[in-house]
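Notes for the one structure printed next.
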Amino acid sequence: MGTVDTPMTIPGLVAEVARRHPDQPAVVDGNVRITYAQLAEQVTGTARAYAERGLRRGDRAAVWAPNRLEFVLAVLGAQTIGAAVVPLNSRYRGHEAATILARSRAATLVLAGGFLGTDFLGMLRAAAAELPGPAGHGPVPGLPHLHTVVDLGAATSDGDVLSWAGFTEGGRGVDEDRFAAMVAAVTPDDICDIMFTSGTTGVPKGVLSAQRQTIDVARIWAERAGLGTGDRYAVVNPLFHGFGYKAGMIASLTAGTTIYPVAAFDSEALLELIQAERISVLPGPPTLFTSLLDHPRLHQYDTSSLRYSVAGAATVPRSLFRRMRDELGFDSVSQAYGLTEAVVVTQSRPGEDPEHLAETTGPPVEGMEVRIADPDGREVPAGEEGEVLIRGRNVMLGYFEDERATAAAIDAGGWFHSGDIGRVDEHGCLQITDRIKDMFTVGGFNVYPAEVENVLASHPDVSESAVVAKPDPRMGSVALAFVVPRRNATPSVAELIEYCRARLANFKVPREIVVRAELPKNASGKILKTELRAAQRA
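Put into structure tokens, the structure is as follows:
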């Protein structure tokens with residue numbers, strides 16, 4: 001797996017890139033600039049801090065923060081001693097974070113209190129207090145496995161919560177021989193990360209990847225993108241997401257590329273960054289590029305440094321790739337297809353015609369196979385639609401502590417059933433045409449209707465609900481909810497939206513709620529979402 005130049009463990013990868021490119025800028029975060037030699041040193045310091053706090057190989061370390069240097073250090077530091085990282089969406093509310101922290105039994109948590117004005121710890125404590133089971137005596141009652149919380153927004157350590165400086169300072173006293181043994185014990189097959197996805201049931205499922213898989217995915221993406229030491233990569237895709245984490249941060253490490261973490265998207269600030277730092281690599285969802293293209297002062301900025309982009313994760317307007325080349329100045333733009341269970345499955349080849357790019361996501365990447373199957377599992381001819389099945393060395397190992405869900409997703413032949421409908425064209429390129437599952441994307445983020453419906457169902461005035469995607473010119477789609485009130489209840493639409501907002505990430509919150517006396521159903525009682533979708537288009 002991988003070339004001889006690409007180590008298959010995270011500590012090996014960090015050490016190798018520091019050896020080969022010690023003076024190359026590794027991370028530029030605002031006014032903070034560190035080289036790869038300095039990155040390796042700070043990763044080691046973070047790993048020592050984890051070790052001092054009792055984190056061990058196989059434990060889980062959660063990170064709940066936006067893109068920033070400390071996110072990079074928190075992830076790589078935990079993986080350096082063989083812990084598995086559990087990234088949390090920075091837009092999560094307390095209930096979402098508490099559920100995943102409880103499911104994963106995370107031992108440590110690095111969070112960014114105050115980001116976007118949010119009291120992460122406060123809302124986590126409030127939500128965790130509602131969880132069943134023993135409260136425990138740690139920093140967050142209700143999460144007894146969580147023994148260490150580090151707040152990036154704290155100036156000093158306070159009681160059970162450490163500041164970043166206080167956390168890293170504590171690692172200085174770790175025994176050198178014991179620490180070296182912990183690093184040496186890490187293997188390519190150790191679990192690297194557990195990426196939680198809600199899935200169609202609304203219950204979080206943790207996708208397991210080994211260190212060798214995470215690195216191999218990143219290496220393959222970097223090679224397709226032609227990443228090198230001369231590139232400056234603006235990582236706008238969130239580091240808590242596979243796109244930003246594996247095809248961004250880790251891919252950059254495999255190539256010695258400079259990482260520019262972008263905490264929150266702002267089109268003008270991003271244009272200024274592109275111009276000032278001569279950004280050359282900028283992937284993202286289509287909404288990112290449409291926002292840049294629609295900026296009223298785009299022509300005042302120099303974007304000629306832009307070299308490579310992947311626009312994926314949502315339906316792509318047919319004209320977008322041509323505009324990215326003609327108006328933003330990209331030398332090469334591409335499409336890709338992947339999902340949490342297999343981060344990079346297909347990726348378009350360099351030099352593809354923009355019209356072809358808009359229609360397909362490219363051929364399978366190295367080590368991956370794609371098969372289009374009918375409902376009985378039989379392969380269909382090229383050009384015909386069917387379910388997209390995926391097999392290869394970088395398909396997930398399985399779902400965390402969920403053998404039943406794993407067996408349902410991966411068949412006896414090793415094929416992962418994606419739930420997506422697609423076809424393969426005469427060039428061997430995959431085109432996604434529909435979804436078996438109800439999942440849709442909002443600005444590049446996955447939204448699973450069941451999760452939103454579960455929240456609505458918990459409201460005392462709601463009898464039942466159904467959530468569908470509503471087309472949106474900026475976000476691609478947004479959530480539209482249809483709600484049936486309980487008997488004698490008259491729920492306020494504004495109240496229901498606020499109820500969801502307190503419990504869901506903002507991209508999952510319905511933009512519109514329609515109150516109905518009943519929902520359309522078939523003879524077996526299943527809600528007919530096709531009729532609801534048609535009704536909202538009428």
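1 is the number of the first residue of the sequence shown in full-length UniProt numbering; add one for each residue after it.
Where a beta carbon is used, it is the ideal one built from N, C-alpha and C, also for glycine.
What you are looking at is a predicted structure, and each value in this text was computed from that prediction instead of being measured.
- Annotation: the continuous alpha helix (DSSP H) that includes Tyr499 extends over 493 to 501.
- Between Val236 and Leu270 a beta carbon distance of about 7 Å is seen, short of the 8 Å cut, so the two are scored as contacting.
- DSSP lists Gly422 as the beta-bridge partner residues of Ile432.
- If one requires a minimum length of 4 residues, the alpha helix (DSSP H) runs lying completely within the region 96 to 170 are 120 to 128, 164 to 169, in chain order.
- Val217 and Glu451 have their C-alpha atoms spaced approximately 29 Å apart.
- Here the alpha carbon of Arg219 sits roughly 31 Å from the alpha carbon of Glu176.
- The alpha-carbon separation between Arg371 and Thr361 amounts to approximately 14 Å.
- For Val174, the CB contacts under 6 Å within the same chain, skipping 5 residues up- and downstream, are Arg48, Ala51, Glu52 in chain order.
- Pairing Ile259 with Gln42, the inter-Cα distance amounts to about 15 Å.
- In the three-state DSSP reduction, Asn506 falls in the helix class (H, G or I).
- Under the 10 Å beta carbon count, Asp353 is surrounded by fewer than 16 other beta carbons and is classified as exposed.
- Residue range 267 to 277 is occupied by the alpha helix (DSSP H) that includes Ile274, with no beta strand (DSSP E) assigned at that position.
- By the Cβ neighbour-count rule, Pro7 is buried, with 16 or more other Cβ atoms within 10 Å of its own.
- Check the Cα spacing between Asp402 and each of Thr197, Arg172, Met182: the tightest is with Thr197.
- Going by DSSP, Ile215 is part of the alpha helix (DSSP H) stretching over 211 to 225.
- As computed with DSSP, Ala83 is found in no beta bridge at all.
- Three or more Cβ pairs closer than 8 Å define a contact, and the region 208 to 215 meets that threshold against the region 390 to 405.
- Here Val72 is not bridged, per DSSP, to any residue.
- Secondary structure at Glu384: coil, using DSSP grouped into helix, strand and coil.
- Take the alpha-carbon of Val149 and the one of Pro139: they are about 7 Å apart.
- At a Cβ-Cβ threshold of 9 Å, Arg60 and Met182 do not count as neighbours.
- In the three-state scheme derived from DSSP, where H, G and I count as helix and E and B as strand, Thr361 is classed as coil.
- For Tyr301, no beta strand (DSSP E) run applies, since DSSP gives it neither H nor E.
- Leaving aside the five residues that flank Phe330 on each side, the residues in its chain whose CB is nearer than 6 Å to its CB run, in chain order, Leu306, Ser309, Met324.
- Within the DSSP bridge table, the entry for His417 names Leu389 as partners.
- Annotated three-state conformation of Gly444 is coil, per DSSP.
- For the pair of segments examined, the region 477 to 493 was found to touch the region 451 to 468: the number of CB pairs separated by less than 8 Å reaches three.
- Selection Ala106, Arg105, Leu124 evaluated against Gly113 yields Leu124 as nearest (Cα-Cα).
- Ser465 sits in a strand when the DSSP states are folded into three classes.
- The beta carbon of Thr254 lies closer than 8 Å to those of Thr6, Leu13, Val17, Ile215, Ala218, Arg219, Ala222, Leu227 in the same chain, with the five residues before and after it left out.
- When the five nearest sequence neighbours on each side are left out, the beta carbons in the same chain lying within less than 8 Å of the beta carbon of Ser104 are those of Arg60, Ala62, Val86, Ile194, Phe196, Gly206, Phe400, in order along the chain.
- Within the model, the alpha-carbon separation for Leu69 versus Ala165 is close to 13 Å.
- Thr346 sits in a strand when the DSSP states are folded into three classes.
- Separation of the CB atoms of Ile410 and Cys192 is rounded to 19 Å, and the pair is thereby denied contact status at 8 Å.
- Taking C-beta separations shorter than 8 Å and ignoring five residues to either side along the sequence, the partners of His147 in its chain run Arg53, Gly54, Ala107, Thr108, Gly138, Pro139, following chain order.
- Rounded to whole angstroms, Gly77 and Thr44 show a C-alpha spacing of 6 Å.
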